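Below is one structure, written out as structure tokens; comments come after it.
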Amino acid sequence: MQTTNTVLMIRPTRFSFNQDTAANNRFQRPASVSEDVQLKALQEFDGYVAALRSHGVEVLVHNDLEAPHTPDSIFPNNWWSSHPDGTLVLYPMQGHNRRLERDKGVLDWLRDEYRVEQLLDLSSLEQQEVFLEGTGSMVLDRQQRICYAGYSTRTHVRALDQLVDHLGYELCAFNAVDRQGVAIYHTNVMMSVGTRLAIACLASVAHPAERQALRSRLEDSGKKVIALDWAQLESFAGNMLEVHTTAGEPLLVMSRTAWQSLDADQRRLIETHTTPLPVNIDTIERIGGGSARCMLAEVYLSKRLPEHQSAQEQVR
500 MQTTNTVLMI
510 RPTRFSFNQD
520 TAANNRFQRP
530 ASVSEDVQLK
540 ALQEFDGYVA
550 ALRSHGVEVL
560 VHNDLEAPHT
570 PDSIFPNNWW
580 SSHPDGTLVL
590 YPMQGHNRRL
600 ERDKGVLDWL
610 RDEYRVEQLL
620 DLSSLEQQEV
630 FLEGTGSMVL
640 DRQQRICYAG
650 YSTRTHVRAL
660 DQLVDHLGYE
670 LCAFNAVDRQ
680 GVAIYHTNVM
690 MSVGTRLAIA
700 CLASVAHPAE
710 RQALRSRLED
720 SGKKVIALDW
730 AQLESFAGNM
740 LEVHTTAGEP
750 LLVMSRTAWQ
760 SLDADQRRLI
770 ETHTTPLPVN
780 IDTIERIGGG
790 SARCMLAEVY
800 LSKRLPEHQS
810 AQEQVR
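Residue numbers (my numbering): 500 to 815.
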């Protein structure tokens, strides 16, 4: 399936502006001196979790550890991804303090709770200054097995080639920039792919041939394309994620900033194909430079059975 009903989220303990990533994340904004960023982030996080659960999404919450300090751990989709064949992928991260997130217990917990058949560990590429930051750097069409990726300092072709070769995906790569002509740090800021909808700021793909190739590939794969303008890109409208409820109904998750930026026709088209779920994460977006999709790590692995219970007993 393109979507999952299970996501993992990291509850923050010391959320703050990350100086380590600010050099090329142009969406980050420093907090004011008097602002209690951690308290606001915690309130927004808990509200987000509650909204997902109320709509029938299984949310696994892992409490972050205070040390070492990892201000961006609230965005767990960047350092790992999971796949239905039991593959767990670890990614090379550009930010040095983001690499520490791999050692804060999430990986051990995943292996204890879920069946990991194989581990693809690309993290050693960090030593060669080669980076690929998970489903931030890539937007995956899991049904059609297409990997969409915009090149940046965090998204290197060598790592992309290794990933798509291992998973058996087709690579659709391009160069995407913001309105100042600077490379967009993560692909999932400018586009999202769901079961029937694709949302993309095509204007950010400056080269006409690349722009047309991206649109054509999306349309040829059966997606209805919603084209975003610059203001909508800057409001995180590209950073949406489709999941599904326990009843199998599609749910498109986004920030309220993103939803408010859309026009009436775009909203109607979304509502035709999914149920939109806007959430208030204003502080997290502004300080962290990431939005609703970045906070969700999709779980496609199968649950481990209790050791005393066989698969046949589980079915009964």
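Beta carbons are placed, not taken as given, at the ideal position from N, Cα and C, and that holds for glycine.
Source: prediction; values computed, not measured.
Which listed residue (the options) has its alpha carbon closest to that of residue i
i      : options                        : result
Ser580 : Lys722, Ser734, Gly633         : Gly633
Arg724 : Val742, Thr686, Gln765         : Per the sequence presented here, residue 724 reads as Val, with Arg not at that position. Considering only alpha carbons, the answer is Gln765.
Gln642 : Met689, Ser622, Leu666         : Leu666
Ala726 : Leu768, Asp640, Pro511         : Leu768
Gly693 : Arg785, Val638, Asp602         : Val638
Val506 : His685, Val558, Val588, Phe514 : Val558
Trp729 : Ala675, Val778, Glu741, His743 : Ala675
Gly788 : Val798, Asn562, Ser754         : Ser754
Ala495 : Tyr799, Leu800, Leu776, Ser801 : Past the boundaries of the shown model lies residue 495; the chain is included only from 500 to 815, so the question cannot be answered.
Glu616 : Gly594, Met592, Val663, Asp584 : Asp584
Tyr650 : Pro575, Leu670, Val560         : Leu670
Ala566 : Val656, Gln711, Thr512         : Thr512
Pro575 : Ala550, Leu609, Ala549         : Leu609
Val778 : His655, Leu619, Glu543         : Glu543
Asn687 : Val798, Lys539, Pro570, Asn577 : Asn577
Asp855 : Arg510, Thr654, Leu618         : Examination of residue 855 is not possible in this model, given that the chain is present from 500 through 815 alone.
Rounded Cβ spacing between residue i and residue j (contact assumed at less than 8 Å)
i      : j      : result
Ala672 : Leu624 : Wrong, their Cβ atoms sit about 17 Å apart, outside the cutoff.
Leu732 : Met689 : 6 Å
Ile786 : Tyr547 : In fact, because the Cβ distance is near 15 Å, the residues do not count as touching under 8 Å.
Glu740 : Thr774 : Looking at the sequence shown, residue 740 is not Glu but Leu. In fact, because the Cβ distance is near 13 Å, the residues do not count as touching under 8 Å.
Ile573 : Phe514 : 6 Å
Distance between residue j and residue i (C-alpha atoms, nearest Å)
i      : j      : result
Leu541 : Glu612 : 25 Å
Ala521 : Pro805 : With a pLDDT of 49 at Ala521, under the threshold of 50, the modelled position of this residue cannot be trusted; read the value that follows with caution. Their Cα atoms are separated by approximately 44 Å.
Thr502 : Glu748 : 10 Å
Gly604 : Leu564 : 9 Å
Ala796 : His772 : 23 Å
Ser636 : His685 : 5 Å
Asp660 : Leu599 : 25 Å
Thr744 : Glu784 : 25 Å
Leu606 : Val588 : 11 Å
Thr652 : Tyr590 : 14 Å
Leu621 : Ala763 : 42 Å
Arg614 : Asn738 : 29 Å
Arg597 : Met508 : 16 Å
Val742 : Val704 : 26 Å
Asn504 : Gln627 : 36 Å
Phe735 : Ala702 : 15 Å
Gln811 : Ser553 : Only weak support exists for where Gln811 lies, its pLDDT of 45 falling under 50; the value from the coordinates is given anyway. Whole-angstrom Cα-Cα distance: 31 Å.
Met500 : His568 : 36 Å
Arg818 : Asp535 : The requested residue 818 is not part of the displayed model; the chain covers only 500 to 815.
Leu593 : Arg601 : Checking the displayed sequence, the identity of residue 593 turns out to be Gln instead of Leu. Those two C-alpha atoms are separated by around 13 Å.
Gly555 : Ala746 : 8 Å
Glu709 : Leu662 : 21 Å
Leu800 : Gln711 : 35 Å
Pro707 : Gln537 : 43 Å
His595 : Tyr647 : 25 Å
Lys539 : Val656 : 37 Å
Ile645 : Ala549 : 32 Å
Ser691 : Thr782 : 22 Å
Asp664 : Val798 : 21 Å
- [ ] Check whether the segment 754-767 touches the segment 675-693, counting contact only when three or more Cβ pairs, one atom from each stretch, lie closer than 8 Å.
- [x] In short, these stretches do not touch, since the Cβ pair count stays below three.
Task: Cβ contact check for the segment 720-728 and the segment 696-704: 3 or more pairs under 8 Å - done: Cβ pair count under 8 Å is three or more, so yes.
- [ ] Please go through the segment 622-710 and give each complete alpha helix (DSSP H) segment of 4 or more residues, from N-terminal end onward.
- [x] Listed in chain order, the complete alpha helix (DSSP H) runs (minimum 4 residues) inside the segment 622-710 are 633-636, 656-666.
Task: Secondary structure, beta strand (DSSP E): runs of 3+ residues fully inside the segment 704-790 - done: Runs of the beta strand (DSSP E) inside the segment 704-790: 723-726, 740-743, 749-754, 774-778.
TODO: Mind listing, in chain order, the continuous beta strand (DSSP E) runs of no fewer than 3 residues lying wholly within the segment 528-611?
DONE: Runs found: 557-562, 579-581, 586-589.
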